[in-house]
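> Have a look at the structure that comes next, please.
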Amino acid sequence: MLELKDVAVARSERVLFDGLSLTLAAGDLATVVGPNGAGKTSLLRVVAGLSRAHAGRLHWRGRAIDEGDPVYGRERLYLGHQPGLKSDLSVSENLRFLLQLQGAGFDQGTVAACLAPLGLAGAEHRPVRALSAGQRRRVALARMRLSGCLLWLLDEPFTNLDVDGQALVAGWLDEHLAAGGMAMVASHAPLGTRHPGRRLQVELGA
Amino acid sequence: MWLWFHKLGSPPYFYRTAGRLIPWFAIPAALLLLAGTVGGLAIAPPDYEQGDGFRIIYVHVPSAYLAMFGYVAMAVAAAIGLIWRMKLAFAFAAACAPVGAAFTFLCLATGSLWGKPMWGVWWDWDGRMTSMLVLLFLYLGVIALRGAFDDAAKGDRAAALLAIVGVVNIPIIKFSVDWWNTLHQPATISKLSAPSMTMDMLGWLLTMVVGYMLFFAAVVTLRLRGEVLLRERGARWIRGLDGRA
Amino acid sequence: MSGAWTAAGALARRDLRAALRRWGELALPLCFFVIVLTLFPLGLAPERDTLAAIGPGVLWVAALLASLLALETLFRGDMDDGSMEQLVLSPQPLALLALVKALIHWLLSGLPLVLLTPLVAQAFYLPTDALWVLALALLLATPTLSLIGAVAAALTASLRRGAGVLGILVLPLAVPLLVFGARATDLAIQGQSAAGPLYLLAALLALAITLAPLAIAAALRISVD
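Residue numbers (this note's numbering), protein chains in the order written: chain A, 1 to 206; chain B, 1001 to 1245; chain C, 2001 to 2225.
Here is the structure:
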């Protein structure tokens, strides 16, 4: 489904790595590991479509990914270092916007059900400004789960999360993969997923 | 043709080719500028209205011409760079901008020098001069924007987009300034317009224009080689140059 | 395509809400506008003839500078909190989202300026008949300014010190707006028809609405890269 062919990634014109090829199919999880500066974030940004690959090609569903590709845009979710939340808006307003932006539906009940295990029950109407960094991360993860996207691209999803939060996210990843989803995750910490599907490890800077 | 285009896009090949081209621009440029200067200053007859004062057009007119040509060339290169992702085109745009800005400044400076005897003041809000001033601001914007980025590749793309936005706006700005000018100075005829030229005046002016164009080509090529070196500073082929090439 | 309109509406609502919850920031460019206008009589002499003569030009220049001040924040917040990445990555046409953001920005910074100008114009002794033309000219010129300004704001969005560059980029491009706008006001003060420059301002607006969103979108893609 997602195919990378001979991809090279550069930052400020300096090539970080090249010749990366990989294929992700339904249920596959790719973890991206490597020391700081190896290009984990750069790789995820290239796969997401924020930056261009220095060389090589990226395909989704057998077709090259264009700039602003609507199909890929609908089915790929990217969660970077910044959660992308407006601090003056409430949790529910933020989620509604992000979901509608992606073309996904917004349902009050589903959102509440998703927020409850995150310890954010009843926080729907609190402004994001009043949340801690970990709680904001949780809101961003709720959006990930609600988006209905097929491919999750997560850059350090565990940042600011406590142990419970990490276990919860690992469980969600398992569910997502079991349902035929795909994920590419850059993380320093072990993910702790249990899903028996195919696992790939992308080692950068080795 | 495509193969040649592709080959030219490769920095080492371009670097060598450009190096060989420079004398072909620079030597005729020097000869034409020398001939034009002597011809314009000494041989051409004085203007019956403006006397010897008109001779500044031999600098003013070619630099005005190149100021505009430089911006368009920069914008075309910028578009090529953005559309075909050609790095050499960005380097060309980067090499062009300061040269074009320098000609714009030269045009303004000579216009001002010319204005002093003609108008009695160093600056008059003449339509063409005002347009040139705005053009200088547009050049400065492109240069400043490129310089403001830490990431050179990003700065190239941003400056390229700005150059294209600028080139779309230039006709509108020019029109609005002319319009403004005719409204506010209905009586005075713009004295910076070229005096009625006799054939020998015009001949020397053309010599100067061609000389300026070749000079522009030589300077931009020289700067472009510098840009290529700067951008490729990590590359292997540069270490093989050993200062001769 | 309905998804795109839903998303555009959602973006408009989000920007409006977020801005109105910080209405104090919205008032800043307006205060700046009024203060600049106050400085002119103080710097010159408060003679009615002088002020009436320079009034139209001063009003237009002050309006330009005030909108420049407001532009600085147009994309900054979205860049800082990561929303811009999500906008760029969304399946919706980025040019449409860019147009929505520019128009909401106009609604919050340009329109208040339009509404305020006829009031402050009293201080420059503009004849009452000319106020309508002035307001109409500003109504046509300020959205164009927001769109042109948004291109420049998008180009400088990723720069830490973008403010200085922003002015150099926007003001030369705003020359036609200033010329036509001030001319329309002048004509109205002299009691003549200002239709010509008003049509030109309308034409510029049409051009800006068509082309600027594409340029903003391209600039935003460069900025998030």
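Note that CB positions come from ideal geometry on N, CA and C, so glycine has one too.
Computed from a prediction, not measured in an experiment: that's the story for all the values here.
Pop quiz: residue 2082 of chain C and residue 82 of chain A are said to be a contact at Cβ under 8 Å. What is the actual Cβ separation, rounded to whole angstroms?
Correct: roughly 3 Å between the Cβ atoms.
> Taking residue 86 of chain A as the query, report the chain C residues whose CB atoms sit under 7 Å from its CB, ordered along the chain.
What residue 86 of chain A touches in chain C: 2014, 2018, 2081, 2083.
> Which one of A:41, A:129, A:114, A:68 has the shortest CA to CA distance from residue 204 of chain A?
Residue 204 of chain A has its Cα closest to that of A:41, out of A:41, A:129, A:114, A:68.
> When DSSP labels each residue in this structure, what does residue 2106 of chain C get in the three-state scheme?
Of the three classes helix, strand and coil, the one that applies to residue 2106 of chain C here is helix, per DSSP.
> Name, in chain order, the residues that DSSP records as bridge partners for residue 55 of chain A.
Answer by DSSP bridge pairing, in chain order: A:8.
> Do you know how far the Cα of residue 1052 of chain B is from the Cα of residue 2101 of chain C?
Straight-line Cα distance between these residues: approximately 57 Å.
> May I ask which residues mark the beginning and end of the alpha helix (DSSP H) holding residue 67 of chain A?
Per DSSP, residue 67 of chain A belongs to no alpha helix (DSSP H) and is neither H nor E.
> Going by DSSP in three states, residue 60 of chain A sits in which element: helix, strand or coil?
Three-state DSSP puts residue 60 of chain A in a strand.
> Buried or exposed for residue 1043 of chain B, please, with buried defined as at least 16 other CB atoms from any protein chain shown within 10 angstroms of its CB.
Exposed, by the Cβ-count rule.
> Got a sec: is the Cβ-Cβ distance from residue 1187 of chain B to anything in chain C below 9 Å?
With a pLDDT of only 42 at residue 1187 of chain B, under 50, the local geometry of the prediction cannot be trusted, and no value is derived from it.
> Can you list the residues of chain A that residue 2021 of chain C reaches, using a CB-CB cut of under 7 Å?
Under the 7 Å cutoff, chain A gives 88.
> Determine the chain A residues that contact residue 2006 of chain C at a beta-carbon separation under 7 Å, and present them in chain order.
What residue 2006 of chain C touches in chain A: 100.
> Please check the pair residue 2166 of chain C and residue 2152 of chain C, which I expect to be a contact at CB under 8 Å, by giving their CB distance rounded to whole angstroms.
Sure, about 6 Å apart at Cβ, within 8 Å.
> From residue 2054 of chain C to residue 2187 of chain C, what does the alpha carbon distance come to, in whole angstroms?
Roughly 14 Å separates the two Cα atoms.
> Quick one: does the C-beta of residue 116 of chain A sit closer than 8 Å to a heavy atom of the ligand MG?
Annotation note on the ligand MG: not contained in the displayed structure, which lists no ligands.
> Whose CA, out of A:31, A:199, A:80, A:12, lies closest to the CA of residue 1150 of chain B?
For residue 1150 of chain B, the nearest C-alpha among the options comes from A:12.
> Looking only at C-alpha atoms, which of B:1110, B:1069, B:1241, B:1045 sits nearest to residue 1217 of chain B?
Of the listed residues, the one whose Cα sits closest to residue 1217 of chain B is B:1069.
> Against chain A, with Cβ distances strictly below 9 Å, would residue 1147 of chain B count as a contact?
Judged by the 9 Å Cβ criterion, residue 1147 of chain B is not in contact with chain A.
> Closer than 7 Å by C-beta to residue 5 of chain A: which residues in its own chain qualify, once you throw out the five before and the five after it? Chain order, please.
Correct list, in chain order: 21, 56, 57.
> Please list the residues of the region 148 to 170 of chain A that have a C-beta atom closer than 8 Å to any C-beta atom in chain B, keeping them in chain order.
So nothing in the stretch comes that close.
> Counting only beta-carbon atoms, is residue 129 of chain A nearer than 9 Å to chain B?
Not closer than 9 Å to any Cβ of chain B, the Cβ of residue 129 of chain A fails to qualify, so no.
> Can you grab the Cα-Cα spacing for the pair residue 2096 of chain C / residue 2213 of chain C, in whole Å?
If I take the Cα positions, the gap works out to 7 Å.
> For residue 1067 of chain B, which option in B:1140, B:1181, B:1011 has the closest C-alpha, if you only look at C-alpha atoms?
If we check each option's Cα against that of residue 1067 of chain B, B:1140 comes out closest.
> Taking the continuous beta strand (DSSP E) assigned at residue 183 of chain A, which residues delimit it?
Note, residue 183 of chain A: beta strand (DSSP E), 182 to 186.
> Kindly list, in the order they appear in chain B, the residues whose Cβ is closer than 9 Å to that of residue 12 of chain A.
Within 9 Å Cβ-Cβ: 1150, 1151, 1152, 1153, 1154.
> Using the beta-carbon count (16 or more within 10 Å), is residue 2216 of chain C buried or exposed?
Buried is the call here.
> Would you kindly report the start and end of the unbroken alpha helix (DSSP H) that includes residue 46 of chain A?
Element bounds for residue 46 of chain A: 40 to 48.
> Does residue 125 of chain A get closer than 9 Å to chain C when you measure Cβ to Cβ?
Not an interface residue.
> Just tell me which of C:2126, C:2138, C:2177 has its CA closest to the CA of residue 2148 of chain C.
Measuring from the Cα of residue 2148 of chain C, the nearest candidate turns out to be C:2177.
> Thinking residue 1033 of chain B and residue 1215 of chain B are a contact (beta carbons under 8 Å), I'd like their distance in whole angstroms, please.
Indeed they touch by this definition, with Cβ atoms about 6 Å apart.
> Taking residue 2114 of chain C as the reference, which of C:2103, C:2128, C:2139 has the closest Cα?
The option with the nearest alpha carbon to residue 2114 of chain C is C:2139.
> Do the CB positions of residue 30 of chain A and residue 144 of chain A come within less than 9 Å of each other?
No, Cβ-Cβ distance for residue 30 of chain A and residue 144 of chain A is not below 9 Å.
> By DSSP's criteria, residue 31 of chain A is part of a beta bridge. Which residues make up the other side?
BP columns for residue 31 of chain A point to A:185, A:201.
> Going by beta-carbon coordinates alone, are residue 1097 of chain B and residue 1159 of chain B separated by less than 9 Å?
Contact flag set, yes.
> Closer than 9 Å, CB to CB, is residue 1016 of chain B near chain A or not?
Chain A, which has no Cβ nearer than 9 Å to the Cβ of residue 1016 of chain B, makes this no.
> So which residues on chain C does residue 97 of chain A lean against when the C-beta distance must stay under 8 Å?
By Cβ distance, chain C contributes 2010, 2011, 2013, 2014.
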